[in-house]
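Peer 1: Once you've had a glance at the structure underneath, I'll fire off some questions.
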Amino acid sequence: MKTKKGAAISIATMVSPVTLWMAFFIAIPLLYVAVMSFCGTDENYNVVFRLTLENYRRLLDPSYLQIYMQSILIAFLTTAFCILLGYPFAFLIARTKSRKKALLYMLVIIPFWTNSLIRIYGWRTFLSASGMLNTLLMKLNLIDTQIDFLYNIGTTVFGMVYCLFPFMILPLYTAIEKLDINLLEASSDLGARGASTFFHIILPLTASGIFSGSIMVFIPALGYFFVADILGGGNSDVIGNLIERQFQSGNNWPLGAALSMILIGITLLLVKLYQKCGGDMESLGV
Amino acid sequence: MVRTQKRKLKKGLGVGYCALIYLFLFLPIAVIITNSFNATTSKPYMTWKGFTFDWYIKLFDNSALLDSFGNTILIAVCSTVLATCIGTLAAVGMYRYRFRGKGVIDALLYIPVVIPEIVLGIALLTLFAKTSIPRGILSLVLAHTTFSIPFVVFNIRARLTGYDNSVEEASMDLGAGKVETFFRITVPILAPAIGGGALLAFTLSIDDVIISYFTNGQTKTFPLKVMESIKSGVSPDVNALSTLILAGTTLLVILTQSNLFKRRK
Amino acid sequence: MEKTKIVEIRNVNKLYDENHVVKDLSLDVYAGEFLTLLGSSGCGKTTTLRMIAGFEQPTDGLILVEGENVADKEPYERNVNTVFQSYALFPHMTVFDNIAYGLKMKRVKKKEIHDRVMEMLELVQLGGFEKRYPSQLSGGQKQRVAIARALINNPKVLLLDEPLGALDLKLRKQMQLELKRLQKKLNITFIYVTHDQEEALSMSDRIAVMHGGVLEQVAVPLEIYESPASKFVATFIGETNLFEGRVVKIEGNSVSVMVESGMVTALGEGFSEGELVSISVRPERMNYSVTPVEGFTIEAKVREQVYVGSVIKAIVELGNGNEVKLERLAGQALPMDGTVYLYWGENDAKLLRTPDNEFFQAVENIQMC
Chain A
86 MKTKKGAAIS IATMVSPVTL WMAFFIAIPL LYVAVMSFCG TDENYNVVFR
136 LTLENYRRLL DPSYLQIYMQ SILIAFLTTA FCILLGYPFA FLIARTKSRK
186 KALLYMLVII PFWTNSLIRI YGWRTFLSAS GMLNTLLMKL NLIDTQIDFL
236 YNIGTTVFGM VYCLFPFMIL PLYTAIEKLD INLLEASSDL GARGASTFFH
286 IILPLTASGI FSGSIMVFIP ALGYFFVADI LGGGNSDVIG NLIERQFQSG
336 NNWPLGAALS MILIGITLLL VKLYQKCGGD MESLGV
Chain B
7 MVRTQKRKLK KGLGVGYCAL IYLFLFLPIA VIITNSFNAT TSKPYMTWKG
57 FTFDWYIKLF DNSALLDSFG NTILIAVCST VLATCIGTLA AVGMYRYRFR
107 GKGVIDALLY IPVVIPEIVL GIALLTLFAK TSIPRGILSL VLAHTTFSIP
157 FVVFNIRARL TGYDNSVEEA SMDLGAGKVE TFFRITVPIL APAIGGGALL
207 AFTLSIDDVI ISYFTNGQTK TFPLKVMESI KSGVSPDVNA LSTLILAGTT
257 LLVILTQSNL FKRRK
Chain C
-15 MEKTKIVEIR NVNKLYDENH VVKDLSLDVY AGEFLTLLGS SGCGKTTTLR
35 MIAGFEQPTD GLILVEGENV ADKEPYERNV NTVFQSYALF PHMTVFDNIA
85 YGLKMKRVKK KEIHDRVMEM LELVQLGGFE KRYPSQLSGG QKQRVAIARA
135 LINNPKVLLL DEPLGALDLK LRKQMQLELK RLQKKLNITF IYVTHDQEEA
185 LSMSDRIAVM HGGVLEQVAV PLEIYESPAS KFVATFIGET NLFEGRVVKI
235 EGNSVSVMVE SGMVTALGEG FSEGELVSIS VRPERMNYSV TPVEGFTIEA
285 KVREQVYVGS VIKAIVELGN GNEVKLERLA GQALPMDGTV YLYWGENDAK
335 LLRTPDNEFF QAVENIQMC
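Chains as they are written, first to last, in this note's numbering: chain A, 86 to 371; chain B, 7 to 271; chain C, -15 to 353.
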């Protein structure tokens, strides 16, 4: 068959572009960020190479700790709502016998071809004090004065759920579609009512979808600073906001790097947890 | 029959629930599209002042906005082409051959998918700063290619299962060299998967916010221009452009994936 | 044997949109019997089974289990259990948990579940397998787990949907015997669905033959074979020779029929002159003579004969090119390349009505000489 040398050349040709690219644009920058997190800055805000733990010490400051907690809470709530709202939806779409099934699936994805910023802005318009929701509620005489829907953790969670919804739906859909309907019939045949069939059969067999979806929602939610900005108005900062600030106005890249290392740490932890629970990496590729 | 009535009720609830979710998904889009026809003229452009097509026309006078859109398209095309080339070679190569280090490459590919975009964004910023790569179109193309490659690879890999490479062997048996075989046989057969990967890369690029935010220098892409406008109030020509983009992408996908809309047997 | 009716199907119709899958089906199943629904794909047998189980609802008509109308009962409310064609074992549960599932749903005590599951495992000869997962089992073993899982609930009726289809021949024969043995031992009513007529003939107390959504005949295997009630049953079960023709003379219950290749006689009642009929003669009942026989005028040339162990299978060709199959005991070979006259005894042929929809085709088949 192929000569060993010939195969080696083929492998090299096909795989080295990606290896080099990823090494240069992923591995090296991240390594540099790791190193930078131990560096300091001088008066001109330039990075200075004297290794120090100063950045990490600053990150233990209570004000920062509060934001970590808040960020994790927001990410957690986002994930929870994505699961609660998304699972029934994914289930209904995946198991529909309608001929329009592919269309229904597409309809979930189409909104996400519009710029996510402007859609979040659309929500802000809708939910603002003078926006459509308030106008509608007042016209229906359900409220007397405008309600301030915006600028709190709730709205931020709402916005995150909106942005990250498809990342939960897609893996759930795949897992649910694979479910053999015979198993559900067998369960019913053996005496299980709807709820029992759900807890004993459906849930365990689609758990992988829930895990993949959770990873794909929780981790980005920690970093989506623009949602927190636009809908949360500074009252619901996430770790992403902290990082953004250090690289923009704060001009303290090493500190930003240290914060990023914390995010990477949390990410690694969750991925390891995911793998421990039997999650497989391929289903994260979406 | 009580049972069929119960079924109908359940079905009704199911349909109702899905409708609500779809409403949730499309509501801001409806807001955007509606506001693109808003005859308002003053910031923050929120109150409804009547119906007009004006903004669709004024859009073409807004050179800054159009420039940003042009940038976005240019970057998307370049990064898609690059990512698709690199990614296809990688996906096929990794599928076909066994070699040491596959795990490492896999890990490198998973990183951009799993880590928060902001981390990737600042990491790339740092790289560009250190290596003095000019921040602008070039840095954006490089950045977009970087996060697109893994998606292209995974997309193609997923569709490679069941690929029988005896067609390639037949090709070489008949005299075609490896490179020729790749372009004459492998690529055409994998065209749908490659197309799917490319489409994904394109979509990711035109909508990218976070990574572009850090790696753009002074260049504005459309999403970044939107971000800028949000602070002062988004004028409806931005809505108009967004609506046009949505229409365009929908059309594109319908044309390329039209088999999705055929009746499923 | 008791003659209590355990399942009663009364004038059941099932339509999927325009597709009329089960047509006015009426059938009674008796307690303790092994009844098979037999027919080719699409004849409605599986749909009927699913309606008894509760996975489908009749479009109209009534299904009674133990005298009760089950129309409003969900599958989990019926005292009926199913063995699925694909086994449908829960992949994430052990063999033990799979079998215990039904009992768990009934909130049976843990100790009792344990005892009963172990007992059941012995019954299906899978002792020692309780901790295995379905993915670790062979086809035959999965089969037995599926049966155990259903039987442990002591259903009044066990429904089996082509359970042996995926097994190889030897295993299938083995399982057929085991299932029959199990059924007799437990005295549970089995309703079995298959398209394999040999399987049906060997296992069943009674067979219900279905075709195009219609019940063609329900009877004990012998009767199905010897006295098929319709052309379909005659041709579907075993091999037969089918002659199509028109009644020309009736004397008592002796009917003379003109078929394409000549004149034949058979016994039948209730036929009228000029009626289009079919005559079914099994190869082993077909006889020949070297001289003409009264009442029969079919000539044939012997084309080939094959020794198949204990019998000789012969094929003779009629004047019009059609072939007729004969089966003789070894030692009774036909004269090769000779002309023979075909005939049969009174009780060796079955006279069948030609269904309305084949009327015009039958007309074309007849050429009056």
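The C-beta atom is built at its ideal place from N, Cα and C for all residues, glycine as well.
Using a Cβ cut-off of 8 Å, pull out every chain A residue sitting near C:P59, in sequence order please.
Peer 2: Going along chain A in sequence order, the residues near C:P59 (Cβ under 8 Å) are E270, S273, D274.
Peer 1: Can you list the residues of chain A that C:S70 reaches, using a CB-CB cut of under 8 Å?
Peer 2: Neighbours of C:S70 on chain A, chain order: D265, N267.
Peer 1: Name the DSSP bridge partner or partners of C:K285?
Peer 2: Per DSSP, C:E301, C:T323.
Peer 1: By a C-beta neighbour count over all protein chains shown, 10 Å radius and 16 as the cutoff for buried, is C:A284 buried or exposed?
Peer 2: C:A284 comes out buried.
Peer 1: Going along chain A in order, which residues have a C-beta closer than 9 Å to the C-beta of C:F74?
Peer 2: Within chain A, the residues near C:F74 are L268, A271, S272, H285, I286, P289, L290.
Peer 1: Cβ of C:V324 less than 9 Å from any chain A Cβ?
Peer 2: Answer no: the Cβ-Cβ gap between C:V324 and chain A never drops below 9 Å.
Peer 1: Taking C:R(-6) as part of the beta strand (DSSP E), name the residues at either end of that continuous run.
Peer 2: That run of the beta strand (DSSP E) goes -11 to 0.
Peer 1: Go through its chain and collect everything with a Cβ distance to B:L126's Cβ below 7 Å, but skip five positions before and after it.
Peer 2: Answer for B:L126: P118, F153, I217, listed in chain order.
Peer 1: Where does the unbroken alpha helix (DSSP H) through B:I195 begin, and where does it stop?
Peer 2: 193 to 212 is the span of the alpha helix (DSSP H), which, as asked, contains B:I195.
Peer 1: Suppose you measure from the CA of C:G124 to the CA of C:G28; what does that come to, to the nearest Å?
Peer 2: Approximately 27 Å between the Cα atoms of the pair.
Peer 1: How about A:I254 and A:G298: are their beta carbons less than 9 Å apart?
Peer 2: Yes, Cβ-Cβ distance for A:I254 and A:G298 is below 9 Å.
Peer 1: Around the Cβ of A:L369, are there at least 16 other Cβ atoms within 10 angstroms (buried) or fewer (exposed)?
Peer 2: With 16 or more other Cβ atoms within 10 Å, it is buried.
Peer 1: So, with DSSP's three-state summary, where would you put C:S122?
Peer 2: Coil.
Peer 1: Report the neighbours of C:Q167 on chain B: residues whose CB is nearer than 9 Å to its CB, in chain order.
Peer 2: The contacting residues do not exist; C:Q167 stays about 30 Å from chain B at best.
Peer 1: Under three-state DSSP, which class holds B:F57?
Peer 2: Of the three classes helix, strand and coil, the one that applies to B:F57 here is strand, per DSSP.
Peer 1: So if DSSP puts C:N53 in a beta bridge, which residue, or which two residues, is it bridged to?
Peer 2: In the DSSP output, where bridge partners are listed per residue, C:N53 has C:L48.
Peer 1: Quick test of your reading: A:D274 and C:N65, contact by CB under 8 Å. State the CB separation rounded to the nearest angstrom.
Peer 2: A:D274 to C:N65, Cβ: 6 Å. Contact.
Peer 1: Taking only the alpha-carbon atoms, compute the straight-line gap between A:A160 and B:I212 and give it to the nearest angstrom.
Peer 2: Rounded to whole angstroms, A:A160 to B:I212 spans 25 Å at the Cα level.
Peer 1: Going by DSSP, what residue range makes up the beta strand (DSSP E) through C:N271?
Peer 2: First-last of the beta strand (DSSP E) with C:N271: 271 to 273.
Peer 1: Is B:G168 close to chain A? Criterion is C-beta to C-beta, closer than 9 Å.
Peer 2: With 9 Å as the cut-off, B:G168 does not count as an interface residue toward chain A.
Peer 1: Got a sec: is the Cβ-Cβ distance from B:R269 to anything in chain C below 9 Å?
Peer 2: With a pLDDT of 40 at B:R269, under the threshold of 50, the modelled position of this residue cannot be trusted; read the value that follows with caution. So no, B:R269 is outside the interface.
Peer 1: Residues of chain A with CB under 8 Å from C:R287, in chain order?
Peer 2: Within chain A, no residue comes near C:R287; the closest Cβ sits about 49 Å away, beyond 8 Å.
Peer 1: Name the chain C residues that come within less than 9 Å of A:R180, Cβ to Cβ?
Peer 2: The premise fails here: A:R180 is roughly 15 Å from chain C at the closest Cβ pair, so nothing lies under 9 Å.
Peer 1: For B:G168, does the three-state DSSP call read helix, strand or coil?
Peer 2: Reduced to three states, the DSSP call for B:G168 is coil.
Peer 1: Which whole-angstrom value describes the C-beta separation of A:A277 and C:M89, a residue pair presumed to lie in contact below a C-beta threshold of 8 Å?
Peer 2: Correct: roughly 5 Å between the Cβ atoms.
Peer 1: Can you list, in chain order, the residues of its chain whose CB lies under 7 Å from that of A:S148, leaving out five sequence neighbours each side?
Peer 2: So no residue of the chain qualifies.
Peer 1: Going by the beta-carbon positions, is the gap between A:N326 and B:V232 smaller than 9 Å?
Peer 2: No; because the gap between Cβ atoms is not below 9 Å, this pair is not in contact.
Peer 1: Among B:D243, B:V193, B:S42, which residue has its Cα nearest to the Cα of B:L65?
Peer 2: When only C-alpha atoms are compared, the closest one is B:D243.
Peer 1: On a CA-only basis, which of B:T221, B:W61, B:K108, B:S85 is nearest B:K136? Give me that one, please.
Peer 2: Of B:T221, B:W61, B:K108, B:S85, the residue nearest in Cα terms is B:T221.
Peer 1: Quickly, what does DSSP pair C:K233 with across the bridge? List them, please.
Peer 2: Beta-bridge pairing links C:K233 to C:S240.
Peer 1: Look at the alpha carbon of C:E162 and the alpha carbon of A:P289, and state the distance between them as a whole number of angstroms.
Peer 2: C:E162 and A:P289: Cα-Cα distance of roughly 34 Å.
Peer 1: Considering C:G246, what are the terminal residues of the beta strand (DSSP E) in which it resides?
Peer 2: 246 to 251 is the extent of the beta strand (DSSP E) around C:G246.
Peer 1: Tell me, please, whether the CB atom of A:R278 is closer than 9 Å to any CB atom in chain C?
Peer 2: With 9 Å as the cut-off, A:R278 counts as an interface residue toward chain C.
Peer 1: Return helix, strand or coil for A:A277, following the three-state DSSP convention.
Peer 2: Three-state result, A:A277: coil.
Peer 1: Going along the chain, which residues of its own chain have a beta-carbon closer than 6 Å to the beta-carbon of C:S273, five neighbours each way excluded?
Peer 2: Once the five neighbours on either side are set aside, the close Cβ partners of C:S273 are Y325.
Peer 1: Between the Cα of C:I172 and the Cα atoms of C:E330, C:L142, C:A333, which residue gives the shortest distance?
Peer 2: Nearest of C:E330, C:L142, C:A333 to C:I172, Cα basis: C:L142.
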